[in-house]
């Protein structure tokens, strides 16, 4: 009898100390917001119940961002107002109600788009499991900062495939790519090769964005013609060596030779390099890149390739070295300007990015008003680091 009574009492004790569903939900909110959320939940049982019914609203009220005053929404909940009214007072989209507590690590829900149509469209993309929910929400929040509703919906669908070691920043170049894909009459839009669309998958979008950024980088650095760095065109055996001095020169050469020459626009401006085309009449034979080899104080051959990056025969190599050696290389010293802003013309820079700045209504730190080679390199890195 004593044993049975003891077991019964122990069972009641365990049941009374077991955490409730609300307490378990509150414990699932990630740091650093978890403490603020639990503190607010202790203020009123109705607020605590949000951990189960609307975790995102509770997180927004507990850790307000910017100038947002959460008190009107908190007071409405304490009075027993409907969730829809409280969410409207806090400007928290109703579709975020389906997200679990684990999702709310840092994202600002008040910046997310909403509306009946948007809710219907995003419904199937909202993650149903806690794992990955925070990353998904951060991606969608980043998309809302830099793109329109169509891009946000695309990001919501493709977020699981947008893997990057740099986190949600990979969304920035994709938002830029999506914008210019739909604005082909602009300077940056005219050079989009593979257009972004809501039907495009993440891998194809990443490839398209990288190719477009390379083209934009070339335009930024070589839309204003460059020089041949003091080297003179010449005759190489039975072929002519022609300098490639402009964006259009480089694009034509890259297409004809089926190579990646477009990548070298920045090096021409920043590192004192020059690009050349070896031609027999109208036929292009090889592409030559001249610059400072590693550790060398004078110019040398960095790359010399035929169509499809094929090897060039030794006779042509020797002839190119004779042509280069005929110059007074000690006196030909192209300046290495590095990352200085003046490497890109301000007018060209503004023509490229003004449409996006105007649509956005501000200048992103990652795409500043002042010309920046580093900014373009950074956008490419966001895509490459995956």
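Residue numbers (the UniProt record's numbering): 1 to 386.
Every residue gets a Cβ at the ideal spot worked out from N, C-alpha and C, and that includes glycine.
- With contact defined as three or more Cβ pairs closer than 8 Å, the region 296 to 304 and the region 337 to 356 are not in contact.
- If the five residues before and after residue 146 are omitted, its C-beta is found closer than 8 Å to the C-beta atoms of 171, 172, 175, 176, 360 and 364, all from its own chain and listed in chain order.
- For residue 171, the secondary structure class from DSSP, reduced to helix, strand or coil, is helix.
- Here DSSP, grouped into helix, strand and coil, assigns residue 57 to helix.
- Cβ contact annotation for residue 385 (same chain, cutoff 7 Å, sequence separation greater than five): 164, 165 and 166, in chain order.
- In the three-state reduction of the DSSP assignment, residue 335 falls in the coil class.
- Residue range 116 to 122 is occupied by the alpha helix (DSSP H) that includes residue 119, with no beta strand (DSSP E) assigned at that position.
- Residue environment: residue 29 is assigned as buried (16 or more neighbouring CB atoms within 10 Å of its CB, all protein chains considered).
- In this structure, DSSP gives residue 240 an extended state, which the three-state scheme calls strand.
- The residues 233, 234, 276 and 278, in chain order, have a CB closer than 6 Å to that of residue 241 in the same chain once the five nearest residues on each side in sequence are set aside.
- Only residues of its own chain outside the window of five on either side were considered, and among them 29, 33, 37 and 104 have a CB closer than 7 Å to the CB of residue 59, listed in chain order.
- The count of Cβ pairs closer than 8 Å, one atom from the region 221 to 229 and one from the region 264 to 275, reaches three, so the stretches are in contact.
- By alpha-carbon distance to residue 101, the top candidate from 51, 318, 71 and 137 is 51.
- Using a C-beta cut-off of 8 Å, the region 112 to 126 makes contact with the region 140 to 158, since at least three inter-stretch Cβ pairs fall below that distance.
- Counting only residues of its own chain and dropping the five nearest sequence neighbours on each side, residue 188 has a CB closer than 6 Å to the CB of 180, 216 and 352.
- In the three-state scheme derived from DSSP, where H, G and I count as helix and E and B as strand, residue 111 is classed as helix.
- If one requires a minimum length of 4 residues, no alpha helix (DSSP H) run lies completely within the region 177 to 216.
- By the Cβ criterion, the region 362 to 378 is not in contact with the region 252 to 264, since fewer than three pairs of Cβ atoms, one from each stretch, lie closer than 8 Å.
- Residue 122 places its beta carbon 8 Å or farther from that of residue 91.
- The alpha-carbon separation between residue 169 and residue 135 amounts to approximately 12 Å.
- Per the coordinates, the alpha-carbon of residue 291 lies some 21 Å from the alpha-carbon of residue 284.
- A distance of 8 Å or more separates the beta carbons of residue 89 and residue 56.
- In the DSSP assignment, residue 315 falls within the alpha helix (DSSP H) that extends over 314 to 325.
- DSSP places residue 300 inside the beta strand (DSSP E), whose first and last residues are 300 to 305.
- Contact between residue 201 and residue 247 does not hold, since their C-beta atoms are separated by about 30 Å, which reaches or exceeds 8 Å.
- Excluding five sequence positions before and after residue 251, the CB atoms of its chain that fall closer than 7 Å to its own CB belong to 262, given in chain order.
- In this structure, residue 40 and residue 25 do not form a Cβ contact; the two beta carbons are roughly 14 Å apart against a cut-off of 8 Å.
- DSSP places residue 286 in the uninterrupted beta strand (DSSP E) bounded by 283 to 291.
- Restricting attention to alpha helix (DSSP H) runs no shorter than 4 residues, the region 49 to 108 encloses them at 55 to 62, 71 to 78 and 83 to 90, ordered along the chain.
- Counting along the chain, the unbroken beta strand (DSSP E) around residue 276 starts and ends at 274 to 280.
- Residue 383 places its beta carbon 8 Å or farther from that of residue 143.
- Under the three-state reduction of DSSP output, residue 378 falls in the helix class.
- The shortest C-alpha to C-alpha distance from residue 211 to any of 229, 191 and 230 is the one to 191.
- In the structure shown, the three-state DSSP call for residue 270 is helix.
- Here residue 374 is near residue 339, since their CB atoms are less than 8 Å apart.
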